[in-house]
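Chemist: Handing you this structure, nothing more for now.
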Amino acid sequence: MSAFGRALRAELRHLARDRWDLAGLTLIPTLLLFLIGAMFWQGSMRRLPIVVVDDDRSSASRAILRAIDAAPLVHIVATRATEEQAVEEVRRGHANGFVHLPKDLGAGLARHRTPVIRILYNASFLSSGSQAASGAASAVQAAAASLVVDQLSGHALPPDPTRRFAVEAVPLNNAASSFEWFLSTLIYPAVLHLVTAVTAAMALGRELEARSLGDWAARSGAIVPALFGKLLPYVAAASLWGIAWLLFVTLARGWRVEGSIAAIVAAQTLFYLGTAAISALLVAATRETATALSVCAVYAGSALAYAGATLPLNGGSGFARFWSEVLPLTHYLALQTGQLGGQDLATILPPMLALLAYVLVPGTLAWVLIRRQAQ
């Protein structure tokens, strides 16, 4: 039997015997991906709490409050007499913002004035706060048309479509209608990246004897095929989980990949293979499983923050930009994001070459170190 076959069979036998290592490939990814799916199942924010300050207390203000409370994005949780009291509710975390309806709201329309409805939100929580402001502003504008007609008719004036409310609110700049498609497709490869890094390091770390992989290399016969056979179950498991997640978000959740799914699948397999190669290099270089696992936790655990997908790196330090380019997740997400959005297939070449380099360079260095230990 070849070195690859012997190493693969030995690793599969170990996984069949060791329920904890097997759980690292089955139960733990299942739990983590389930948590990601549950976290973003709702897709977008709903019924965000807001407070109201109603200085008008007229039929016009009541109509606006009914429209705001009927909006799917916001929900009125309290009414306060002053803005100071409303601000205190926001600071306590009881609401994301508040709406201030001025005095003479309806009468101002008939008197050729433009009532100003103020919407203030908690900027410390930009996403939820600006979503609440946007939802309240949309509800006010939706109610404005019929309300203007009613107020003008009540004052025996002809309808004037040019009269509107002035709504002071900060618009939402970059939030999608659903966070599921954007965030879950970023988080799941980051989670599987960490799982692959840790499990691959543990697998090779089991073969350390007297702080050396030399005995294992001698028994295996050929280092490169044995390494591939030993790490294959972990790469295959992560790749299959990645495919399962893509099927879940496309078939079960109804999202659509505009580009090539085949390119994404090929890239993520190369990505997880490169992750396993880095783990092999760390074990061979440090000759300690605990140290290798610690390095895996540092570089893979923080990869999403430096990948430039959620936090912009423009204006960041030179080290932050360098670290982003060094991480394999950065290049995989560049390819995945492009294909999810329908970029031309030719654009996958640079990230594909970068991912291939993560397989070849760390893999070659690991082979050199293990061969030296065997000699």
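With the UniProt record's numbering, the residue at position 284 of the sequence shown is 284, and numbering never jumps. Glycine included, every Cβ here is placed at the ideal spot set by N, Cα and C.
Across the segment 363–371 and the segment 328–346, are there enough close Cβ pairs to call them in contact, namely three or more that are closer than 8 Å?
Modeler: Contact fails: fewer than three Cβ-Cβ distances are below 8 Å.
Chemist: Looking only at its own chain, which residues have a Cβ that is under 7 Å from the Cβ of Trp255, when we skip the five neighbours before and after it?
Modeler: Reading the sequence shown from its first residue, position 255 is the one you call residue 255. Excluding sequence neighbours, Trp255 sits near Trp181, Val249.
Chemist: At 4 residues or longer, what runs of the alpha helix (DSSP H) sit wholly inside the segment 263–312?
Modeler: Runs found: 289–301, 303–306.
Chemist: In terms of residues, what are the limits of the beta strand (DSSP E) holding Val52?
Modeler: For the purposes of this step, residue 52 is taken as residue 52 along the sequence shown, with counting starting at 1. Note, Val52: beta strand (DSSP E), 48–54.
Chemist: Between Tyr272, Gly242, Tyr121, Ala285, which lies nearest to Ser212 when the distance is taken from Cα to Cα?
Modeler: Locating residue 212 in the sequence shown gives position 212, where the first residue counts as 1. Here the closest residue by C-alpha is Ala285.
Chemist: From Ala176 to Val265, what distance separates their C-alpha atoms?
Modeler: The residue given as residue 176 occupies position 176 in the sequence shown. The residue given as residue 265 occupies position 265 in the sequence shown. The predicted position of Ala176 is uncertain, since its pLDDT is 42 and thus under 50; a value taken from the coordinates is nonetheless stated next. Each residue's alpha carbon lies about 25 Å from the other.
Chemist: Whole angstroms are fine: how far does the CA of Leu12 sit from the CA of Pro233?
Modeler: In the sequence shown, residue 233 corresponds to position 233, counting from 1. In the sequence shown, residue 12 corresponds to position 12, counting from 1. If you take the alpha carbons of Pro233 and Leu12, they lie about 7 Å apart.
Chemist: Kindly indicate which residue of Gly363, Trp323, Lys230 has the alpha-carbon position closest to the one of Ala10.
Modeler: Position 10 of the sequence shown, counting from 1, holds the residue named residue 10. Measuring from the Cα of Ala10, the nearest candidate turns out to be Lys230.
Chemist: Checking 8 Å against the spacing of the C-beta atoms, do Pro189 and Leu329 come in under that value?
Modeler: As a first step, residue 189 must be located in the sequence shown, where it is residue number 189. As a first step, residue 329 must be located in the sequence shown, where it is residue number 329. Yes, Cβ-Cβ distance for Pro189 and Leu329 is below 8 Å.
Chemist: Run the CB neighbour count on Ala280, radius 10 Å, all protein chains shown included, and call it buried at 16 or more, exposed below.
Modeler: Here residue 280 is taken as the residue at index 280 of the sequence shown, counted from 1. Buried, since its Cβ has 16 or more Cβ neighbours within 10 Å.
Chemist: Out of Thr79, Asp69, Glu207, Phe228, state which residue places its alpha-carbon closest to the alpha-carbon of Ser2.
Modeler: Walking along the sequence shown from the start, residue 2 turns up at place 2. Checked all of Thr79, Asp69, Glu207, Phe228; the closest Cα to Ser2 is Phe228.
Chemist: Can you tell me the Cα-Cα spacing of Ala133 and Gly97, whole angstroms?
Modeler: The residue you call residue 133 lines up with position 133 of the sequence shown. The residue you call residue 97 lines up with position 97 of the sequence shown. The straight-line gap from Cα to Cα measures roughly 7 Å.
Chemist: Can you tell me where the alpha helix (DSSP H) holding Ile243 begins and where it ends?
Modeler: Position 243 of the sequence shown holds residue 243. Start and end: 223–247.
Chemist: I'd like the list of long-range same chain contacts for Gln339, defined as Cβ closer than 6 Å, with 5 residues on each side in sequence excluded.
Modeler: Locating residue 339 in the sequence shown gives position 339, counting from the first residue. Only Gly259, Ser260, Ala263, Ile264 meet the Cβ criterion.
Chemist: Between Ser138 and the ligand COA, is the CB less than 7 Å from at least one heavy atom?
Modeler: Questions concerning the ligand COA fall outside what the structure shown contains, since it holds no ligand whatsoever.
Chemist: Based on the DSSP secondary-structure assignment, which residues constitute the bridge partners of Leu120?
Modeler: As a first step, residue 120 must be located in the sequence shown, where it is residue number 120. DSSP output for Leu120 lists Phe98 as bridge partner(s).
Chemist: Look up Arg80 in the DSSP assignment and give the residues it is bridged to.
Modeler: In the sequence shown, counting from the first residue as 1, residue 80 sits at position 80. In the DSSP output, where bridge partners are listed per residue, Arg80 has Val53.
Chemist: Go ahead and pull the three-state DSSP assignment for Val90.
Modeler: Position 90 of the sequence shown, counting from 1, holds the residue named residue 90. Three-state DSSP puts Val90 in a helix.
Chemist: Can you tell me the Cβ-Cβ gap for Ile68 and Ala136, rounded? I've got them flagged as a contact below 8 Å.
Modeler: If you number the sequence shown from 1, residue 68 lands on position 68. If you number the sequence shown from 1, residue 136 lands on position 136. Between Ala136 and Ile68 the Cβ distance is about 5 Å, and since that is below 8 Å, they are a contact.
Chemist: Using a 10 Å radius around the Cβ and a threshold of 16 neighbouring Cβ atoms, would you call Leu251 buried or exposed?
Modeler: Mapped onto the sequence shown, residue 251 falls at position 251. Under this definition Leu251 is an exposed residue.
Chemist: Spatial neighbours of Leu32 within its chain, please: CB distance less than 7 Å, with the 5 preceding and 5 following residues excluded, ordered by chain position.
Modeler: Counting from 1 along the sequence shown, the entry for residue 32 is found at position 32. If we look at Leu32 and ignore the five residues flanking it on each side, its Cβ neighbours are Val191.
Chemist: To the nearest angstrom, how far is the alpha carbon of Val87 from that of Arg80?
Modeler: Against the sequence shown, residue 87 aligns to sequence position 87. Against the sequence shown, residue 80 aligns to sequence position 80. Their Cα atoms are separated by approximately 10 Å.
Chemist: What are the boundary residues of the alpha helix (DSSP H) that includes Asp21?
Modeler: The residue given as residue 21 occupies position 21 in the sequence shown. Where Asp21 is concerned, the enclosing alpha helix (DSSP H) stretches over 19–25.
Chemist: Give the list of continuous alpha helix (DSSP H) stretches no shorter than 4 residues that lie fully inside the segment 184–211.
Modeler: Fully enclosed alpha helix (DSSP H) runs of 4 or longer: 185–205.
Chemist: Can you name the residues that DSSP bridges to His75?
Modeler: Residue numbering aside, residue 75 sits at position 75 when the sequence shown is read from its first letter. Paired residues: Pro49.
Chemist: Cutting at 6 Å between CB atoms, please list the residues of its own chain near Leu186, excluding the five before and the five after it.
Modeler: Reading the sequence shown from its first residue, position 186 is the one you call residue 186. Closer than 6 Å at Cβ, skipping near neighbours: Ala309.
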